[in-house]
Amino acid sequence: MTDLTPREPKRPLFWSDAILDLQDRLLDDPVTIYAVGGAVRDAYLHRPIKDLDLATPDGAISLARRIARALDADIFVLDAERDVARVLWETPDGKLVIDVARFRQPTLLEDLQDRDFTLNALAVDFKGDLALLIDPLDGETDLLAKRIRRCAPLAIAKDPIRALRAVRQSAQLKFRVDAETLTEMRTYGVRLSETSPERVRDELFKVLELPKPGGALRVAAHLGLLAVIMPTLMTRFATNDSEHDWEAALLLLDKLYAMLATISVTRTDNTAANFELGVMVVQVDRHRAKLNEQLALQWANDRSHRALLILAGLLTIAAPGDAALAEAQADGLRLSNAEKQRLAQIVQHSDHPSLTAAYSPLSAHRFWYTLEEVGVDVLLLTLARYLSHHHLYLVQRAWLTQIEHTGALLNAYYDQHAALVSPPPLLDGNQLQEALAIKPGPVIGKLLTHLREAQVEGRIHTAEEALAAAQAYLAAPPA
19 MTDLTPREPK RPLFWSDAIL DLQDRLLDDP VTIYAVGGAV RDAYLHRPIK
69 DLDLATPDGA ISLARRIARA LDADIFVLDA ERDVARVLWE TPDGKLVIDV
119 ARFRQPTLLE DLQDRDFTLN ALAVDFKGDL ALLIDPLDGE TDLLAKRIRR
169 CAPLAIAKDP IRALRAVRQS AQLKFRVDAE TLTEMRTYGV RLSETSPERV
219 RDELFKVLEL PKPGGALRVA AHLGLLAVIM PTLMTRFATN DSEHDWEAAL
269 LLLDKLYAML ATISVTRTDN TAANFELGVM VVQVDRHRAK LNEQLALQWA
319 NDRSHRALLI LAGLLTIAAP GDAALAEAQA DGLRLSNAEK QRLAQIVQHS
369 DHPSLTAAYS PLSAHRFWYT LEEVGVDVLL LTLARYLSHH HLYLVQRAWL
419 TQIEHTGALL NAYYDQHAAL VSPPPLLDGN QLQEALAIKP GPVIGKLLTH
469 LREAQVEGRI HTAEEALAAA QAYLAAPPA
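So, in structure tokens, the structure goes:
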């Protein structure tokens, strides 16, 4: 099919009030404008639209500037050579990302034919009737059949990132990939190594951000895509050691997803309707708001903390404690230095002694003092790992003990931070040097740690008691 005539689709397109408002503002604009791609697909499927792609024959950046002025929104030029810009608009329903681009090919038809999958090769005349669909590749038939089909032979060979995108969209939309497209994914997915690491990272993180990423990751691994994206990590899993088993990692991700849903702001009465999650609600729900605040953290380029936590989950199963592997993986994916540091810390401390030691104020202090918010990530992954290890034979009493231990640690962090995590020092290093007539050196750090831990345990309360404890420490230092 090559017909560009707008026609009435078999089901109505649904556009948000914000997009209808934007259309009103652009009716008098001098250039031709089309909404294309995923936004049209989501309008057809009645899914929320968070990203709107607009295409125009020429002058896309100028159009984006006019849109930004009309909306009083922010604008960023993404690619001056290809004439692409992004407008970020805060609407009553949340942020709408508007990407404005010049046609990729000379005409709209060629532009749509050059896209990845037919369900994304849809358009509407944005200055015309938004109820009418432009569908030259019969993407509507594929939408109705819940099928992902390439726009043209060698579409994936032309851009191998489309193989990973097909996996994501299949999981996201619950669509199947047609046989010819799947064959091409198997054949040309290995060329992901020729794609820029930044594009691969961005698509991988979209997979990790799926509500249940385990299924998509399983398919991506089966197709050989993950072996290209994360070769060292997948080699670890290929050992088939019980502790490094790929299926165990995917089960951990499923358990982690269920836990995050349980503490989510969108939790329903049915979310925690089983023993393992119900017990968790009882113990940690008082900290739900603070946990969600941490989970809502955004890293560079709006990469979510949840996705980073999912990646950390894979690493803690494949290589618990191996911070070097985590750093290498972060470098391979071109993560920011902050993401790299956080990922390495989570993996490094995934087997922290305080996670298995009997709870005490001192064990809580030793866990939180160096970890702070990283400790929250470690606790969540520890619970998910416990559930994944015991999923067939979960002993209720043992799980309750695990949850109570986690609850006690969270109480220490959120409710007793000043007393147990970071108490104000009774003496500082300079005061110790002067009072004890000692020179700067490692002993000062050891003394400060000794005094801080004594303070946490309630053995000292004043500067005088701290000085006496320091003198006793120097007189008989621990072995």
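Residue numbering for the sequence shown follows this note's numbering, starting at 19 and increasing by one per position. Glycine is no exception: its CB is placed at the ideal position from the N, C-alpha and C atoms. In this text, all values refer to a predicted model and were calculated from it rather than measured experimentally.
**Q.** Three or more C-beta pairs below 8 Å linking the stretch 55–64 and the stretch 129–144
**A.** yes
Q.
Within a Cβ cutoff of 6 Å, which residues of the same chain sit near SER211, ignoring the five residues on either side of it in sequence?
A. VAL246
Q. Should PRO154 be labelled buried (16 or more other beta-carbon atoms within 10 Å of its own) or exposed?
A. buried
Q.
Could you tell me which whole beta strand (DSSP E) segments of length 3 or greater appear in the stretch 114–197?
A. 141–143
Q | Cβ-based burial, GLY463 [other Cβ within 10 Å; buried from 16] | A | exposed
**Q.** Coil, strand or helix - ILE501 by DSSP
**A.** An answer regarding residue 501 cannot be provided, because it is not within the stretch 19 to 497 covered by the chain.
**Q.** Pick from ASN355, ALA402 and GLY339 that is closest to PRO371, judged by C-alpha positions
**A.** Nearest C-alpha to PRO371 among ASN355, ALA402 and GLY339: GLY339.
Q. Straight-line CA distance for SER381 to ALA336?
A. 27 Å
**Q.** Separation of THR374 from LEU427, as counted between CA atoms
**A.** 12 Å
Q: Identify every run of the alpha helix (DSSP H) within the stretch 196–281, keeping only runs that are complete inside it and at least 4 residues long; order them along the chain.
A: 197–206, 215–226, 231–240, 243–247, 249–255 and 264–281
Q) Residue range of the beta strand (DSSP E) that TYR52 falls in? A) 52–54
Q) What residues in its chain sit with their C-beta under 8 Å from that of GLN123, if we drop five residues either side in the sequence? A) ASP129, GLN131 and ASP132
Q | The beta strand (DSSP E) enclosing VAL95, as first and last residue numbers | A | That run of the beta strand (DSSP E) goes 92–97.
Q. Do you know how far the Cα of LEU126 is from the Cα of ARG360?
A. 44 Å
Q: Would you kindly report the start and end of the unbroken alpha helix (DSSP H) that includes ALA318?
A: Where ALA318 is concerned, there is no enclosing alpha helix (DSSP H), given that its DSSP letter is neither H nor E.
Q: Quickly, what does DSSP pair GLU108 with across the bridge? List them, please.
A: Under DSSP, the beta-bridge partners assigned to GLU108 are LYS113.
Q. With ILE93 and ARG83 assumed to form a contact (beta carbons below 8 Å), what rounded beta-carbon distance in angstroms separates them?
A. 6 Å
Q: Go ahead and label GLU390 buried or exposed: buried means 16 or more other beta carbons lie within 10 angstroms of its beta carbon, across all protein chains shown.
A: exposed
Q.
Determine whether the beta carbon atoms of HIS323 and LEU313 lie at a separation below 8 Å.
A. yes
(Q) Quick check on ALA455: does DSSP put it in helix, strand or coil? (A) DSSP, reduced to helix, strand and coil, places ALA455 outside both helices and strands of the structure shown, so it counts as coil.
Q) Nearest to ALA170 by CA position, among ASP196, SER282 and ILE85, is which residue? A) For ALA170, the closest alpha carbon among the candidates ASP196, SER282 and ILE85 is that of ASP196.
Q | Extent of the continuous beta strand (DSSP E) to which LEU70 belongs | A | 69–74
Q) Is ALA330 helix, strand or coil when you go by DSSP? A) helix
Q.
What does the alpha-carbon distance come out to for the pair LEU172 and GLY157?
A. 18 Å
**Q.** Contacting residues, own chain, Cβ-Cβ under 7 Å from PRO229 (five flanking each side not counted)
**A.** The beta carbon of PRO229 sits closer than 7 Å to those of TYR275, all from its chain and outside the five residues before and after it, given in chain order.
Q) Can we say the stretch 216–228 touches the stretch 174–191, given the rule of at least three CB pairs closer than 8 Å? A) yes
Q: Quick one: measure Cβ to Cβ for THR480 and LEU444, integer angstroms, because I've assumed they're closer than 8 Å.
A: 7 Å
(Q) Quick test of the definition: if touching needs 3 or more C-beta pairs under 8 Å, does the stretch 448–461 touch the stretch 487–496? (A) yes
Q) What's the call for GLN187, buried or exposed, on a 16-neighbour Cβ count within 10 Å? A) buried
Q) What residue does the alpha helix (DSSP H) around VAL439 start on, and which one ends it? A) Unbroken run through VAL439: none, as it is neither H nor E.
Q.
Taking 8 Å as the threshold (C-beta atoms), are VAL394 and GLN363 in contact?
A. Against a cut-off of 8 Å, the Cβ pair of VAL394 and GLN363 comes out as no contact.
Q: Would you mind reading off the limits of the alpha helix (DSSP H) that contains ALA430?
A: Looking at the DSSP string, the run of the alpha helix (DSSP H) that includes ALA430 is 414–433.
Q.
Here's the rule: buried if 16 or more other CB atoms are within 10 angstroms of the residue's CB, otherwise exposed. What is PHE293?
A. exposed
Q) Should the stretch 419–437 be regarded as contacting the stretch 337–357, the criterion being three or more beta carbon pairs within less than 8 Å? A) no
Q) According to DSSP, is VAL102 helix, strand or coil? A) strand
Q | For PRO360, the three-state DSSP class (helix, strand or coil) | A | This sequence places Arg at residue 360; Pro is not what is there. Looking at ARG360 - three-state DSSP - the assignment turns out to be helix.
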